[in-house]
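Okay, so the sequence shown: first residue is -3 according to the numbering used here, each after it adds one.
Beta carbons: idealized from backbone N, C-alpha and C, even for Gly.
I have placed the structure first, in the form of structure tokens, so that the comments after it can refer back to it.
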Amino acid sequence: MSQATPPAGHFDHLRGALRDSPALLWSFLYFFFLLTGYYVLRPVRDAMGAANDPSAVFPVAMVDWFAGRGLDLGDFQVQLLFTGTFLSMLVLQPVYGALVARFPRRLFLPVVYLAFIACLLGFRFAFEAGMPGRGGLFFIFVAVFNLFAVSVFWSFMADIYTDPQAKRLYGFIAAGGTLGGLLGPEITSRLVGQLGVGNMLLVSAGFMGLCLVCILRLAPWARAREQAAGLRSGDEAMGGGVLDGLRRIATDPLLRAFAVLMFFGVGVGTLLYNEQNSIVRAMTLGNPAAAEEATAFFSMLDKYVNWLVLVLQVLVTRAVLVRWGVAPLLIGPALLILAGFCVLWASPLPMLVAVVQVGTRASEFALAKPARETIYTRVDREARYKSKAAIDTVVYRGGDLAFAWLYKPLSVFGSSVVFASGTLVAGGLLYGAWRVVREQARLPDRRDA
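In structure tokens:
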């Protein structure tokens, strides 16, 4: 009897939330469609990042140029992919800033998703035609797509919900994304053998189209909330310069703390990701079915992550946010990640690497991210759409780049040295979490713009 009570209570909370906030259902569906579309692509992207054959990832001319100088491009594969992703972010961030500054929300939100759909259609042609270098470009595109699309989603949610509403509802909304994260890899694993990689991109594009429907349905709630709170309408162009978001990060203590938290959070993930890829490459070396086996392995990890995330979101996230606020959800995961790296430092077994990887990603998606996004409901639109996007893209991929290249010399000395260094990075993550908790406590209860 006592074991049946908690689920009923959670369903009661959900029914009450849907009754009090009609926008919740469309927000849930929006995040569900978005992450389903992304996770259809992710196993393919990860398999390309771990491929043993550089010619499957990079243009032939690039492979030949490195080979002519006695260098194996495969030795720098992940580092070069992360470098390309970071450079793409540097180019696209001012473009996004100009779009946000010059166009109202009703235009720039659909434009972002239409651009992603157009790119997916282009990549579908590239895969069907067997164009050289498509693997590397696709890896970079998926990384860019994920960061921009998810950042825009949460910025839009902060237009719709107040801080108290966010604490009650963001756990449910995030669970929609988690269900999408469970469905996406399942779709890929079941259909990729029948449809091929190229047609899986069309499946993902279809989910992006459904995201556009959700944006159109949610727009009236965003306008109504802004009018009720006396805030500037998001249907007006924001104005300002294309680099205003980066300037705000340099001058605002909370945004600086977010940047520190993001940089070191990416660091722990990148070190784990590179070590995991090294293990997968070693296990599949010389295997003619390496790509399929790597895709299956990464799909399995994604499933474990998303099931754990779903359990945490349903049972933990909302309850902790409502009762204790953001501090436990930011500090707790940082402490657990630090402990995980200490364990790997002492015993860097492949199975433990996979376990810590699953725990790190699950705590980020289920606990830390909803807490961070709740804080953004209390800042102005420029911070949400410009500075947040810069942190979620440029700072994120800058951390990727720095730690991907740092991994290379560390890996020469073995896994123990990688994870010993990772404990220092995890310490930086804990410091960033503490800074964010301290600075957000100084925010007013309501934003003024």
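For residue i, tell me which candidate among the options has the shortest Cα-Cα distance.
{"i": "M44", "options": "V391, V107, A292, F361", "result": "A292"}
{"i": "E435", "options": "R243, V59, G129, R252", "result": "R252"}
{"i": "P400", "options": "A218, F260, S412, R314", "result": "Reading off the sequence shown, one finds Ala at residue 400, where the question assumed Pro. Among A218, F260, S412, R314, the Cα nearest to that of A400 is on F260."}
{"i": "V193", "options": "P39, L402, R357", "result": "P39"}
{"i": "A154", "options": "E369, E378, P405", "result": "E369"}
{"i": "Y427", "options": "R221, V108, S383, I333", "result": "I333"}
{"i": "M258", "options": "L37, P90, L439, G424", "result": "G424"}
{"i": "V107", "options": "K382, V312, R244, I211", "result": "I211"}
{"i": "I387", "options": "Y92, L69, G64", "result": "Y92"}
{"i": "T373", "options": "L198, T158, A315", "result": "T158"}
{"i": "V421", "options": "F123, N195, G263", "result": "G263"}
{"i": "L165", "options": "P440, F112, V310, D71", "result": "V310"}
{"i": "N142", "options": "S274, P346, Y392", "result": "Y392"}
{"i": "Y468", "options": "D49, P50, Q73", "result": "Any answer about residue 468 is impossible in this case: the structure gives the chain only from -3 up to 445."}
{"i": "F54", "options": "I371, L69, R277", "result": "L69"}
{"i": "L76", "options": "W320, P50, R65", "result": "P50"}
{"i": "S295", "options": "E124, G66, V36, P18", "result": "V36"}
{"i": "D376", "options": "I156, A114, R65", "result": "I156"}
{"i": "G321", "options": "V433, R380, P181, I275", "result": "V433"}
{"i": "P216", "options": "P18, W430, P440, G418", "result": "P18"}
{"i": "L477", "options": "R380, L30, T79", "result": "Outside the shown range of the chain (-3 to 445) lies residue 477, about which nothing can therefore be said."}
{"i": "T32", "options": "M196, Q190, I245", "result": "M196"}
{"i": "L308", "options": "A358, M279, G336, V349", "result": "A358"}
{"i": "W430", "options": "K382, A350, A255, S383", "result": "A255"}
{"i": "M347", "options": "M279, V305, L105, Q161", "result": "M279"}
{"i": "L242", "options": "L406, D60, S383, R438", "result": "S383"}
{"i": "R314", "options": "S417, P160, E182, R41", "result": "P160"}
{"i": "D248", "options": "S417, A379, W61", "result": "A379"}
{"i": "V59", "options": "L198, T184, R186, G129", "result": "G129"}
{"i": "L103", "options": "G66, E124, A125, V148", "result": "V148"}
{"i": "S407", "options": "L67, L21, R438, S274", "result": "S274"}
{"i": "R319", "options": "K163, Q89, C115, G126", "result": "K163"}
{"i": "V56", "options": "L88, A385, G131, F29", "result": "G131"}
{"i": "M127", "options": "S185, L110, A52", "result": "A52"}
{"i": "R277", "options": "G66, L20, D71", "result": "D71"}
{"i": "T419", "options": "F62, S185, L179, P344", "result": "P344"}
{"i": "P90", "options": "G167, T389, R41", "result": "T389"}
{"i": "P181", "options": "D42, V349, A335", "result": "D42"}
So for residue i, helix, strand or coil by DSSP?
{"i": "R438", "result": "coil"}
{"i": "V390", "result": "helix"}
{"i": "Y109", "result": "helix"}
{"i": "L67", "result": "coil"}
{"i": "F458", "result": "Residue 458 is absent from the structure shown; the chain starts at -3 and stops at 445."}
{"i": "V238", "result": "Below a pLDDT of 50, predicted positions are generally treated as unreliable, and V238, at 48, falls in that range; the measurement from the model is reported next regardless. Three-state DSSP puts V238 in coil, outside helix and strand."}
{"i": "G129", "result": "coil"}
{"i": "P100", "result": "coil"}
{"i": "S229", "result": "Because S229 carries a pLDDT of 48, less than 50, the predicted location of this residue cannot be relied on, and no value is offered for it."}
{"i": "V339", "result": "helix"}
{"i": "G410", "result": "coil"}
{"i": "P50", "result": "helix"}
{"i": "L191", "result": "helix"}
{"i": "S200", "result": "helix"}
{"i": "D248", "result": "coil"}
{"i": "P344", "result": "coil"}
{"i": "P18", "result": "coil"}
{"i": "P55", "result": "coil"}
{"i": "A429", "result": "helix"}
With a threshold of 6 Å (Cβ to nearest heavy atom), would residue i be considered close to the ligand FAD?
{"i": "A145", "result": "In the structure shown, the ligand FAD is absent, as is every other ligand, since no ligand is present at all."}
Worksheet item: Contact between the stretch 335 to 343 and the stretch 200 to 218: three or more CB pairs below 8 Å?
Response: No contact exists between the stretch 335 to 343 and the stretch 200 to 218.
Practice prompt. Could you tell me whether the stretch 315 to 330 touches the stretch 361 to 371, where touching means 3 or more Cβ pairs closer than 8 Å?
Written response: Judged by Cβ distances under 8 Å, the stretch 315 to 330 makes contact with the stretch 361 to 371, as three or more pairs qualify.
Worksheet item: Are at least three pairs of beta-carbons, each pair with one atom in the stretch 113 to 124 and one in the stretch 134 to 146, less than 8 Å apart?
Response: With a cut-off of 8 Å, the stretch 134 to 146 and the stretch 113 to 124 count as touching, because enough Cβ pairs lie within range.
Discussion item. Within 8 Å, do at least three Cβ pairs link the stretch 169 to 184 to the stretch 81 to 91?
Written reply: Contact between the stretch 81 to 91 and the stretch 169 to 184 is absent, because fewer than three Cβ pairs lie under 8 Å.
Discussion item. Below 8 Å, how does it come out for the stretch 256 to 270 and the stretch 383 to 397: are there three or more Cβ pairs, yes or no?
Written reply: A contact exists between the stretch 256 to 270 and the stretch 383 to 397.
Item to complete: Let me know the beta strand (DSSP E) ranges lying completely inside the stretch 266 to 329, each 3 residues or longer, listed in chain order.
Response: Taking only runs of at least 3 residues, no beta strand (DSSP E) segment lies wholly in the stretch 266 to 329.
Item to complete: Flag this pair as touching only if the stretch 204 to 220 and the stretch 16 to 27 have three or more C-beta atom pairs under 8 Å; answer yes or no.
Response: Judged by Cβ distances under 8 Å, the stretch 204 to 220 makes contact with the stretch 16 to 27, as three or more pairs qualify.
Worksheet item: Three or more beta-carbon pairs under 8 Å between the stretch 405 to 423 and the stretch 89 to 99, yes or no?
Response: Fewer than three pairs of CB atoms, one per stretch, sit closer than 8 Å, so the stretch 405 to 423 makes no contact with the stretch 89 to 99.
Item to complete: Any chance you could list the alpha helix (DSSP H) runs of at least 4 consecutive residues sitting entirely within the stretch 144 to 169, in chain order?
Response: Taken in chain order, the complete alpha helix (DSSP H) segments of 4 or more residues contained in the stretch 144 to 169 number zero; there are none.
Worksheet item: Of all the alpha helix (DSSP H) runs that stay within the bounds of the stretch 350 to 379, which reach a length of 4 or more residues?
Response: For the stretch 350 to 379, whole alpha helix (DSSP H) runs of length 4 or above, ordered along the chain, are 365 to 371.
Worksheet item: Does the count of Cβ pairs from the stretch 299 to 312 and the stretch 345 to 360 closer than 8 Å reach three?
Response: Contact holds: three or more Cβ-Cβ distances are below 8 Å.
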